[in-house]
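Protein chains: 8
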Amino acid sequence: MALSAFILIEVAGDHTKSAFKTIQRISGVKAVYTVSGSYDLIVQVETENLQTLSDLLLSKIRAVDGVTKTNTCLVLNV
Amino acid sequence: MALSAFILIEVAGDHTKSAFKTIQRISGVKAVYTVSGSYDLIVQVETENLQTLSDLLLSKIRAVDGVTKTNTCLVLNV
Amino acid sequence: MALSAFILIEVAGDHTKSAFKTIQRISGVKAVYTVSGSYDLIVQVETENLQTLSDLLLSKIRAVDGVTKTNTCLVLNV
Amino acid sequence: MALSAFILIEVAGDHTKSAFKTIQRISGVKAVYTVSGSYDLIVQVETENLQTLSDLLLSKIRAVDGVTKTNTCLVLNV
Amino acid sequence: MALSAFILIEVAGDHTKSAFKTIQRISGVKAVYTVSGSYDLIVQVETENLQTLSDLLLSKIRAVDGVTKTNTCLVLNV
Amino acid sequence: MALSAFILIEVAGDHTKSAFKTIQRISGVKAVYTVSGSYDLIVQVETENLQTLSDLLLSKIRAVDGVTKTNTCLVLNV
Amino acid sequence: MALSAFILIEVAGDHTKSAFKTIQRISGVKAVYTVSGSYDLIVQVETENLQTLSDLLLSKIRAVDGVTKTNTCLVLNV
Amino acid sequence: MALSAFILIEVAGDHTKSAFKTIQRISGVKAVYTVSGSYDLIVQVETENLQTLSDLLLSKIRAVDGVTKTNTCLVLNV
Numbered sequence: 025m026a027l028s029a030f031i032l033i034e035v036a037g038d039h040t041k042s043a044f045k046t047i048q049r050i051s052g053v054k055a056v057y058t059v060s061g062s063y064d065l066i067v068q069v070e071t072e073n074l075q076t077l078s079d080l081l082l083s084k085i086r087a088v089d090g091v092t093k094t095n096t097c098l099v100l101n102v
Numbered sequence: 025m026a027l028s029a030f031i032l033i034e035v036a037g038d039h040t041k042s043a044f045k046t047i048q049r050i051s052g053v054k055a056v057y058t059v060s061g062s063y064d065l066i067v068q069v070e071t072e073n074l075q076t077l078s079d080l081l082l083s084k085i086r087a088v089d090g091v092t093k094t095n096t097c098l099v100l101n102v
Numbered sequence: 025m026a027l028s029a030f031i032l033i034e035v036a037g038d039h040t041k042s043a044f045k046t047i048q049r050i051s052g053v054k055a056v057y058t059v060s061g062s063y064d065l066i067v068q069v070e071t072e073n074l075q076t077l078s079d080l081l082l083s084k085i086r087a088v089d090g091v092t093k094t095n096t097c098l099v100l101n102v
Numbered sequence: 025m026a027l028s029a030f031i032l033i034e035v036a037g038d039h040t041k042s043a044f045k046t047i048q049r050i051s052g053v054k055a056v057y058t059v060s061g062s063y064d065l066i067v068q069v070e071t072e073n074l075q076t077l078s079d080l081l082l083s084k085i086r087a088v089d090g091v092t093k094t095n096t097c098l099v100l101n102v
Numbered sequence: 025m026a027l028s029a030f031i032l033i034e035v036a037g038d039h040t041k042s043a044f045k046t047i048q049r050i051s052g053v054k055a056v057y058t059v060s061g062s063y064d065l066i067v068q069v070e071t072e073n074l075q076t077l078s079d080l081l082l083s084k085i086r087a088v089d090g091v092t093k094t095n096t097c098l099v100l101n102v
Numbered sequence: 025m026a027l028s029a030f031i032l033i034e035v036a037g038d039h040t041k042s043a044f045k046t047i048q049r050i051s052g053v054k055a056v057y058t059v060s061g062s063y064d065l066i067v068q069v070e071t072e073n074l075q076t077l078s079d080l081l082l083s084k085i086r087a088v089d090g091v092t093k094t095n096t097c098l099v100l101n102v
Numbered sequence: 025m026a027l028s029a030f031i032l033i034e035v036a037g038d039h040t041k042s043a044f045k046t047i048q049r050i051s052g053v054k055a056v057y058t059v060s061g062s063y064d065l066i067v068q069v070e071t072e073n074l075q076t077l078s079d080l081l082l083s084k085i086r087a088v089d090g091v092t093k094t095n096t097c098l099v100l101n102v
Numbered sequence: 025m026a027l028s029a030f031i032l033i034e035v036a037g038d039h040t041k042s043a044f045k046t047i048q049r050i051s052g053v054k055a056v057y058t059v060s061g062s063y064d065l066i067v068q069v070e071t072e073n074l075q076t077l078s079d080l081l082l083s084k085i086r087a088v089d090g091v092t093k094t095n096t097c098l099v100l101n102v
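Residue numbers (our numbering), protein chains in the order written: chain A, 25 to 102; chain B, 25 to 102; chain C, 25 to 102; chain D, 25 to 102; chain E, 25 to 102; chain F, 25 to 102; chain G, 25 to 102; chain H, 25 to 102.
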């Protein structure tokens, strides 16, 4: 069961550009957008299962310099 | 792949007790707690897959009288 | 100057599926996702300019039955 | 009067796994879950009274490396 | 074990004044303040135990006309 | 002591345009802006004292059709 | 015109107890409460005018070690 | 197409005054206000296009010492 999710990210200070570039190169990341509003980056990810989503979020994206807060929105089937 | 999640719920007006009772009887719901703080109910659910989680959330819990907002926290593997 | 944005939407009660279908047919909407987490729908839009974004948001999406709150994230150039 | 509560936790950067392990060993903690969404950890605690809840929250959980914000939801009697 | 708490309240539309007057007369309420900011009313309560706090919150304050959301902050011992 | 404040407003459904027009005509309102993001309207007000600010907020702006939530930011002296 | 306000405070890590003690000694502070929920401290202040409220908030309370975020709720006249 | 926006800013600790002064001198900034409530500064900006808004936000304002979080509200045409 493949899982697709949007990760809404808040970045500290002026790390938005560097975080944007780092996240783009992470495996499983389909697209990254720099946005204005209450979030700084919107990341679209696709993973094979819950285990790989956990790894991607906890060990990869959360480890990127400047990333202070993530809000993960799992895409549901309708 | 079974999915486990906590659903943090805001309830309108004085519907908390009735929503508590209704949600307890929904299949897939393991436990319901009435809480104080910024949420009114915390619901622990376990579903077989993403499709049943979607159904449980969108057609069952969101349809309960008084439920105005849900914040679903998917349990990850660590 | 074309504008691209993500609109994070909160939907009341069990209107998520119907709102999903209605929003999909609105002109300017590129993609709609039903999500779990603190939002219910994520909508990706593309408009020609600020005026059409305003119209799309204020007269189309905000008028969809069940849509209670929108959080618009404008995509920036990096 | 025993008190039961859920503590919704935000963790900084990639400290989620280490915070998970540390919190599991704290006395009074019944269960810890790593979650996706707007929180990173959900902790279920049970304490004898308000004094021990205060101690557990302020001196133990809030002192765990990486824990930046806690939102405590006291379980009510219905 | 007496419990003391602050209840931060959001009120719908122009019901703030009437909610203020109604809440003032509820038993267990020590003080009510109309405030500006992200909340509309701040209510200070004192109850004998968790059961009476639950009743006060769920059956009395949440039933007041116009009260849409409550955020209860339990006073801790330090 | 004159008071100046920004009132950040969330509007329900498609009432943003009508609320914009109604608020523009309220005495004490200096400027109104329709915005995208996590708020729908930003209103700049100037009142003679705290009493007139209270009246403006509680009896005028909060009574406008569609206004569901206000977040008042008092301008401080620096 | 005396001003009364509640300041809702988020504290980083385990600085809640020390921040509590420091804030208690600040002139203009009437009462401090350690709370559970989405805030850590609730501070009640009374100042002579807007200038002294600004000073108290920006130079005193915001300078206390561990204070990361303040949400000031000005008490209105009803 | 000129763009106008309000940037709602949260500032860490007691950096509000210094951030206020630094932001005032940034090109494109029309006005800065120190506010109480859930934000610390409200900045009104006007830029020529989306590219200059991006630069102003990501490279200038987000780089100011003490600025931890920005919430940008783009002014829409009504």
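Here a beta-carbon is modelled for each residue, glycine too, at the ideal position from N, C-alpha and C.
- About 4 Å separates the beta carbons of Ile-33(D) and Leu-65(D), which is inside the 8 Å limit, making them a contact pair.
- Beta-bridge analysis with DSSP links Leu-98(F) to Ala-29(F).
- Between Asp-38(B) and chain E, the shortest Cβ-Cβ separation is below 8 Å.
- Residue-level contact check: Val-53(C) does not touch chain F, since none of the beta carbons of chain F fall below 8 Å from its beta carbon.
- Any Cβ of chain F closer than 8 Å to the Cβ of Gln-48(G) would place that residue at the interface, and such an atom is absent.
- Burial is judged here by how many other beta carbons sit within 10 angstroms of a residue's own beta carbon; Ser-51(B) has fewer than 16 and is exposed.
- Bridge pairing for Gln-68(B): Phe-30(B) and Ala-55(B) [DSSP].
- Restricting attention to Ala-29(F), Ala-36(F), Asp-89(F) and Leu-74(F), the CA atom closest to the CA of Leu-100(G) is found in Leu-74(F).
- The stretch 40-48 of chain B and the stretch 80-92 of chain A do not touch, with fewer than three beta-carbon pairs separated by less than 8 Å.
- Note that the C-beta distance between Ala-43(E) and Leu-77(E) is not below 8 Å.
- Considering only His-39(D), Val-53(D) and Asp-38(D), the residue with the shortest C-alpha distance to Ile-31(D) is Val-53(D).
- CA-to-CA, the gap between Val-59(C) and Gly-61(D) works out to about 11 Å.
- The beta-bridge partner set that DSSP reports for Val-35(D) consists of Val-91(D).
- Around Tyr-63(H), the same chain offers Leu-32, Ile-33, Glu-34 and Asn-95 as residues with beta carbons nearer than 8 Å, after the five sequence neighbours per side are excluded.
- Only residues of its own chain outside the window of five on either side were considered, and among them none has a CB closer than 7 Å to the CB of Leu-82(H).
- Within the model, the alpha-carbon separation for Thr-40(C) versus Gly-90(C) is close to 7 Å.
- Cβ-Cβ separation between Ala-26(H) and Glu-72(H): approximately 6 Å, consistent with a contact (criterion under 8 Å).
- Proximity of Asn-73(E) to chain G, defined by a Cβ-Cβ separation below 8 Å, is not satisfied.
- By the rule that beta-carbons nearer than 8 Å mark a contact, Lys-41(H) touches chain G.
- Per DSSP, the continuous alpha helix (DSSP H) segment holding Ser-42(B) begins and ends at 40-48.
- Assignment of Ser-78(C) by DSSP, reduced to helix, strand and coil, places it in the helix class.
- Shown here for Ala-55(A): same chain residues with a beta carbon closer than 7 Å to its own, the five before and five after excluded, namely Gln-68 in chain order.
- Against chain B, a Cβ distance below 9 Å from Ser-78(C) picks out nothing, because the smallest value is about 26 Å.
- For Leu-32(G), the nearest beta carbon of chain F is not closer than 8 Å to its own beta carbon.
- Straight across, the Cα-Cα distance linking Glu-70(G) with Asp-38(B) is about 34 Å.
- Interface with chain C (8 Å Cβ-Cβ cutoff): Asn-95(B) is included.
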